[in-house]
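Report on the following structure.
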Amino acid sequence: MKIVGLTGGIGSGKTTVAKLFAEIGIPTYIADDEAKALMNRSKTIKRELIGLFGSEAYYNETINRTFIAQAIFSDKDLLNKMNAIVHPKVANHFKQWVTEQETVYVLKETAILFEHGGEKDCHFTILVTAPENIRIERVIKRDSKTKEQVLAIIKNQLPEADKIKKATFVIENIDLESTKNQVLKVHKKLLQAIIID
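Okay, so the sequence shown: first residue is 424 according to the numbering used here, each after it adds one.
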């Protein structure tokens, strides 16, 4: 079973690409969604996050995402401490999930694949890109953020050029039809590479 990491900066459309792979039958693990689910489900994570952020970390037994996002936005140390609590649990959950799949490869979609050396756990990687102005537009529309807020997030992420150097495949996601074709091409290349391997 090969693991293919899928990543891309904010607004690149990596979730759209993940869905296109899922549509052609590739099991897809959305790390961010699973992390949120584990934050709500795991008593250990709850206890540790309350220890880190205080009782405001949860509201009605549900993770208080707004409060936590504000707390970690300008505090890298706090963000790293939170990641040290959540990431190992997500990694274990992913390993278990992989054992339940029956395809030649699975996709792991994560926003910060290259930032934390996650590519070392993947056999191949796919980077989803889009021009910065399109990414900004998408995030403003989706998250009701200002252009300045989106640019601040982009500035915090690894530069696109660095990610391109590390990626096995790059999918430019501007219009859906072209993206679908690129997904099919990458899928074929992955199957060929896996069969040769």
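Where a beta carbon is used, it is the ideal one built from N, C-alpha and C, also for glycine.
Cβ neighbours of glutamine 580 in the same chain (closer than 6 Å, five flanking residues each side left out): Here the question's residue 580 lines up with position 157 in the sequence shown. Answer for glutamine 580: Gly432, listed in chain order.
Of the listed residues Asp455, Asp456 and Ala441, nearest to isoleucine 449 (C-alpha basis): Within the sequence shown, numbered from 1, the residue matching residue 449 stands at position 26. When only C-alpha atoms are compared, the closest one is Ala441.
Leucine 614 versus alanine 445: straight-line alpha-carbon distance, rounded: On the sequence shown, position 191 is the one that residue 614 refers to. On the sequence shown, position 22 is the one that residue 445 refers to. Roughly 15 Å between the two C-alpha positions.
Per-residue DSSP class, three states only, for threonine 522: Locating residue 522 in the sequence shown gives position 99, counting from the first residue. Three-state DSSP puts threonine 522 in a helix.
Within 9 Å, strictly: CB atoms of leucine 502 and valine 427: Working through the sequence shown from its first residue, we reach residue 502 at position 79. Working through the sequence shown from its first residue, we reach residue 427 at position 4. Going by beta carbons, leucine 502 and valine 427 fall outside the 9 Å limit.
Beta-carbon gap between isoleucine 468 and isoleucine 508 smaller than 9 Å: Within the sequence shown, residue 468 is the residue found at index 45, counting from 1. Within the sequence shown, residue 508 is the residue found at index 85, counting from 1. Yes.
Spatial distance of histidine 610 from phenylalanine 490 (CA atoms): Taking the sequence shown and counting its residues from 1, the one referred to as residue 610 is at position 187. Taking the sequence shown and counting its residues from 1, the one referred to as residue 490 is at position 67. Cα-Cα distance, rounded: 39 Å.
Within the segment 435-483, ranges of the beta strand (DSSP E) (whole runs, at least 3 residues): Whole beta strand (DSSP E) segments, 3+ residues: 451-453.
Residue burial classification, valine 573 (beta-carbon count within 10 angstroms, cutoff 16): The count along the sequence shown starts at 1 and reaches residue 573 at position 150. Valine 573 should be labelled buried.
Beta-carbon proximity of tyrosine 481 to leucine 475, cut-off 9 Å: What you label residue 481 is simply residue 58 of the sequence shown in a count that begins at 1. What you label residue 475 is simply residue 52 of the sequence shown in a count that begins at 1. In this structure, the beta-carbon distance from tyrosine 481 to leucine 475 does not fall below 9 Å.
Leucine 429, enclosing beta strand (DSSP E) - first and last residue: On the sequence shown, residue 429 is found 6 positions in, with the first residue counted as 1. Segment 425-431, the beta strand (DSSP E) holding leucine 429.
Threonine 533 (DSSP reduced to helix, strand or coil): To locate residue 533, count along the sequence shown from 1; it is residue 110. Coil.
CB contact below 9 Å: alanine 507 versus chain C: Although the question refers to chain C, the structure presented lacks it and comprises just one protein chain.
Straight-line Cα distance separating leucine 461 from aspartate 455: For the purposes of this step, residue 455 is identified with residue 32 of the sequence shown, where counting begins at 1. For the purposes of this step, residue 461 is identified with residue 38 of the sequence shown, where counting begins at 1. Roughly 10 Å between the two C-alpha positions.
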